[in-house]
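> In our numbering, the protein residues as written are 163 to 681.
In this text, a Cβ means the ideal position worked out from N, Cα and C, and glycines have one as well.
Here it is: the structure, laid out below.
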Ligand SMILES: NC(=O)C1=CN([C@@H]2O[C@H](COP(=O)(O)OP(=O)(O)OC[C@H]3O[C@@H](n4cnc5c(N)ncnc54)[C@H](OP(=O)(O)O)[C@@H]3O)[C@@H](O)[C@H]2O)C=CC1
Ligand SMILES: O=C1O[C@H](COP(=O)(O)O)[C@@H](O)[C@H](O)[C@H]1O
């Protein structure tokens, strides 16, 4: 008996914990019941490309154990368990997958069961509940201690009926340390009113602590690094303000257009798809004050404050674009006014940031794919080197691809002359952390939902404040009062966007060429 107990302890120590693993956040109850993860919309794009691969990666690393977890795919499409597994397999097996990994994939796929049903049918959700219960009984889980995670990989139009069905048919049966949590994808609404309406209705069904509004940018390595960078480095503390920073750019560029998602995109546009959520979340982390602690509520309190300090966006500080050929997509309206590109300036009215433009830029069908934060510092006062032509210090945090951060610096040009040149100090993750696999954003965030850590999820008041910033502008665009400018596929977007940047005070560094480090 004693040795069995010892074995159990050792095994628990070896196994990666589903509880929050570090002192950054707090966790509470002992969780012993089995875990059911239900992916609603299992036949869809997000599920196959992101959700199931993230679950597989968690399984592979031991965060999901086959003796306690079961995964249910749910959608209307008729298919067998094996048909769903075959669809997913193609996204898990790569050219370089080893035979051992293929075996792991097969074992993982055996944990998946498919249930077909409608999104507004009690009967369908009662069948789903029966399947989940059967799994829970098979694991001898005491009723009430089981954990149920519902992931809505679904179009927003069905969030409410689906949440109702979960609430009335599929909840964890009583409170014995178990739980029911619901992960909701963006977009959460289309403007302030629709979002508030959705929040109010969801709020009648679930408590805030059960709702996980996912924004996958919050799961990206360098986005998660932002608070550490800002608040754990003495170097940045005194510089991070209006006295030293001239402007900040937060940029998302994508080479692909809206192919395959034209119908969805045409209804939402680039501001709702990227800027109102992903880029705004990044802005919060760049601009917020130091939280009292790293508790999720303390961090989110500070994010809300900075959002509430953003001023209304002026029409003179926006450039919208639409790429040539966008409306040729049969799922897009011929006369669509939807922007596929936008550059705009946000201004934060507080002591730290008054007068510093935050330039938000996002576009599809551009000449490159990347996401980055560029913090441009002011000129050195009393410049004795007359080095203005070499440009300003700029701190760049490249979120993707190839995570990196580097500081553009002015140095003495090597050689006999006393002249200056622009160079850089850099940290390139691929080079510095060669043996570390950087987790996918979804992987990290799904693990957080299982651990009950809401730090990297969007709170209701945060969402409201975010919609308050963009709703007036979105309404002007929806009413056709603002028109997107045409731009060519594969270009930088409308030329007017670069002019806006210049007007905002961004100084481009001329003649500087970054030489990527080699391993
Ligand atoms: N795809 C992506 O890259 C990303 C998606 N998201 C968000 O994730 C969610 C899911 O996206 P995605 O997977 O692309 O969506 P899909 O369009 O692929 O839809 C998912 C599933 O929902 C069902 N469905 C589709 N349309 C309807 C409808 N009108 N009414 C009821 N059910 C419908 C279909 O399953 P069936 O017919 O079998 O029931 C479909 O397989 C969305 O909220 C999206 O905004 C967020 C970030 C990235
Ligand atoms: O949410 C979305 O994000 C993707 C881009 O995600 P990334 O992690 O590859 O940067 C974007 O393509 C899509 O339009 C949007 O809905």
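I'd like the list of long-range same chain contacts for residue 510, defined as Cβ closer than 8 Å, with 5 residues on each side in sequence excluded.
Hits under 8 Å: 449, 468, 471, 472, 473, 516, 518, 520.
> For ligand 1, list every residue whose C-beta falls under 5 Å from any of its heavy atoms, going in chain order.
This selection yields 203, 205, 206, 207, 208, 237, 238, 239, 315, 316, 317, 320, 347.
> Kindly indicate which residue of 657, 620, 503 has the alpha-carbon position closest to the one of residue 376.
Looking at the Cα atoms, 620 is the closest of the given residues.
> For residue 632, count the other beta carbons within 10 Å of its own beta carbon; 16 or more makes it buried, fewer makes it exposed. Which is it?
With 16 or more other Cβ atoms within 10 Å, it is buried.
> At which residues does the beta strand (DSSP E) containing residue 688 begin and terminate?
Because the chain here runs from 163 to 681, residue 688 falls outside it and cannot be looked at.
> With H, G and I counted as helix, E and B as strand and the rest as coil, what does DSSP make of residue 231?
It is a strand residue.
> Can you give the Cα-Cα distance for residue 364 and residue 322, rounded to whole angstroms?
Approximately 7 Å between the Cα atoms of the pair.
> So, at 8 Å on beta carbons, what are the nonlocal neighbours of residue 329 in its own chain, with the 5 sequence-adjacent residues on each side left out?
Result list for residue 329: 367, 368, in chain order.
> Taking Cβ to Cβ, would you say residue 392 is nearer than 9 Å to residue 617?
Going by C-beta atoms, residue 392 is not nearer than 9 Å to residue 617.
> Just to confirm the assignment, what range does the beta strand (DSSP E) spanning residue 584 have?
Unbroken beta strand (DSSP E) run through residue 584: 582–590.
> Using the beta-carbon count (16 or more within 10 Å), is residue 394 buried or exposed?
Answer is exposed; the Cβ neighbour count stays below 16.
> Checking 9 Å against the spacing of the C-beta atoms, do residue 695 and residue 411 come in under that value?
The first residue shown for the chain is 163 and the last is 681, placing residue 695 beyond what the model contains.
> Checking the sheet assignment: what are the DSSP bridge partners for residue 508?
BP columns for residue 508 point to 520.
> In terms of residues, what are the limits of the beta strand (DSSP E) holding residue 409?
Residue 409 -> beta strand (DSSP E) spans 407–415.
> Going along the chain, which residues of its own chain have a beta-carbon closer than 8 Å to the beta-carbon of residue 357, five neighbours each way excluded?
Counting only Cβ-Cβ distances below 8 Å, and skipping sequence neighbours, we find 350, 351, 625, 626, 629.
> May I ask you to verify whether the region 288–308 touches the region 226–242, counting CB pairs closer than 8 Å and requiring at least 3?
Judged by Cβ distances under 8 Å, the region 288–308 makes contact with the region 226–242, as three or more pairs qualify.
> Taking its Cβ as the centre, do 16 or more other Cβ atoms sit within 10 Å of residue 172, making it buried, or is it exposed?
Model confidence at residue 172 stands at a pLDDT of 33, short of 50, so the residue's coordinates are unreliable; what they give is reported in the following sentence. Under this definition residue 172 is an exposed residue.
> With residue 636 as the anchor, note down where its alpha helix (DSSP H) starts and where it stops.
Here the alpha helix (DSSP H) through residue 636 covers 622–640.
> Give a single yes or no on whether residue 440 has its beta carbon closer than 8 Å to a heavy atom of ligand 2.
Checking every heavy atom of ligand 2 against the Cβ of residue 440, one is found closer than 8 Å.
> Going by the beta-carbon positions, is the gap between residue 556 and residue 671 smaller than 9 Å?
Yes, these two residues count as a Cβ contact at 9 Å.
> Please report the distance separating the alpha-carbon of residue 417 from that of residue 212.
Each residue's alpha carbon lies about 19 Å from the other.
> Once the 5 residues before and after residue 378 are set aside, which same chain residues still bring their CB inside 7 Å of it?
Excluding residues within five positions, the ones whose Cβ falls inside 7 Å are 603, 604, 607.
> Alpha carbon to alpha carbon, how far is residue 609 from residue 183? Give it in angstroms, no decimals.
No answer about residue 183 holds up, because its pLDDT of 40 lies below 50 and its placement is not dependable.
> Reducing DSSP to helix, strand and coil, say where residue 648 ends up.
The answer is strand: DSSP assigns residue 648 an E or B state.
> Going by DSSP, what residue range makes up the alpha helix (DSSP H) through residue 222?
Residue 222 -> alpha helix (DSSP H) spans 214–222.
> Can you find the residues in the same chain that come closer than 8 Å, C-beta to C-beta, to residue 554, ignoring five residues on each side of it along the sequence?
The residues are 408, 538, 539, 540, 541, 570, 669, 671.
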